[in-house]
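J.: My questions all concern the structure below.
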Amino acid sequence: MNVEVEPQVPVHDDVAPVGDERTWALLGHLSAFSAFIVTGLGCVLGPLIIWLIKRDTLPFAGDQAKEALNFNITVLLAALGLWIITIITLGLGLLLTIPLGLALFVYWIVFTIIAAVNANNGIRYRYPFTLRLIK
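By the numbering used here, the letter at position 108 of the sequence shown is numbered 140, and the numbering carries on one by one without gaps.
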């Protein structure tokens with residue numbers, strides 16, 4: 033497994049994406065909030081659908097949807113890990129997993145919004161502490 037941790041620095045390109053491409057990139061990030069409607073995999077489904085549809089026609093939007101997909105897979109794996117710890121410890125791990133779960137939730141919301149704002153401004157954003165599983 034290849035794990036890359038990149039600094040939280042927006043990546044600037046020489047050619048700024050325009051209109052439609054920025055909108056789809058924004059939606060690639062914000063579609064993760066579909067998890068509030070479709071619990072569990074909803075945070076992955078939105079970016080996955082946008083990445084599959086737009087990766088060939090709108091490179092910036094495809095890149096940002098892929099980045100959102102990788103981030104949301106990472107967050108989902110972390111949440112799954114917390115859930116497993118809770119189960120293995122027969123609930124005693126809740127003293128650890130509840131605060132960590134809340135921190136993970138805040139981290140997910142804050143960085144998704146930061147990425148969406150950057151995408152809307154035409155700036156390629158790379159989430160910090162993200163497993164880049166989809167290349």
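From the three backbone atoms N, C-alpha and C, an ideal C-beta is built for every residue, glycine too.
Between the C-alpha atoms of Ala135 and Thr89, what's the straight-line distance to the nearest angstrom?
T.: Going by the C-alpha atoms only, they are around 36 Å apart.
J.: Going by CA-CA distance only, name the one from Gly113, Val142, Phe143 that's closest to Thr129.
T.: Among Gly113, Val142, Phe143, the Cα nearest to that of Thr129 is on Gly113.
J.: DSSP state of Ile116, grouped into three classes?
T.: Correct three-state label for Ile116: helix.
J.: Does Lys98 pass the burial test, meaning 16 or more other C-beta atoms within 10 Å, or should it be called exposed?
T.: Per the 10 Å Cβ criterion, buried.
J.: Should Trp56 and Ile81 be called a contact, given that it needs their Cβ atoms to be closer than 8 Å?
T.: No; because the gap between Cβ atoms is not below 8 Å, this pair is not in contact.
J.: Classify Gly123: buried if its beta carbon has 16 or more other beta carbons within 10 angstroms, exposed otherwise.
T.: Gly123 should be labelled exposed.
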